[in-house]
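What follows is a single structure, written as structure tokens, with notes after it.
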Amino acid sequence: MQTADPGRPTHTRTYVWNSDDGLGVVTTDRALARDPAQRTVDLDDLAPGPVAEVVARAPGAVGVPAPETIRLVVTDLGSGPTVVVTCIGRDGRVGEVEARPDGGGVVVGIRP
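Each residue of the sequence shown is one higher than the one before, starting from 3 at the first, in our numbering.
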């Protein structure tokens, strides 16, 4: 996972999840091609339960029951944080679920 590095909006902080050790910082010194005025989302403000529920239900909601890849993006385009889960199937189908971090406001999009 990559986030803007606090205090340095043109750099990223990269995290990796390991089931034994939990969440760990891998690097904090990578240049980022990003507008410094772009809004950032404080991940501490996200409730993990509702976000995990959105991720867990995404494959079934978009009709990609066994996705090869699942991506999670949290962004704020001006109306508050949004969680976007993208499921990519081996057959090329792509589906996205967009929701608020509390799990509400779900929008589903599917591409063949």
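C-beta atoms are modelled at their ideal positions from N, C-alpha and C, and glycine is treated no differently.
Give the DSSP bridge partners of residue i, in chain order.
| i | result |
| --- | --- |
| A101 | V85 |
| V57 | BP columns for V57 are empty, so no partner. |
| D138 | Past the edges of the chain, shown from 3 to 114, lies residue 138, and the structure says nothing about it. |
| T71 | I90 |
Exposed or buried, what is residue i when buried is set at 16 or more other beta-carbons lying within 10 Å of its beta-carbon?
| i | result |
| --- | --- |
| V87 | buried |
| P69 | buried |
| D2 | As shown, the chain starts at 3 and ends at 114. That puts residue 2 outside it, with no answer to give. |
Tell me which same chain residues have a C-beta within less than 8 Å of the C-beta of residue i, skipping the five on either side of it?
| i | result |
| --- | --- |
| I90 | V66, P69, E70, T71, I72, R73 and V96 |
| G80 | R41 |
| G105 | P52, V53, E55 and V56 |
### Message
For the pair the region 89 to 101 and the region 54 to 64, tell me if three or more CB-CB distances fall below 8 Å.
### Response
The region 89 to 101, when compared against the region 54 to 64, does touch it at the 8 Å Cβ threshold.
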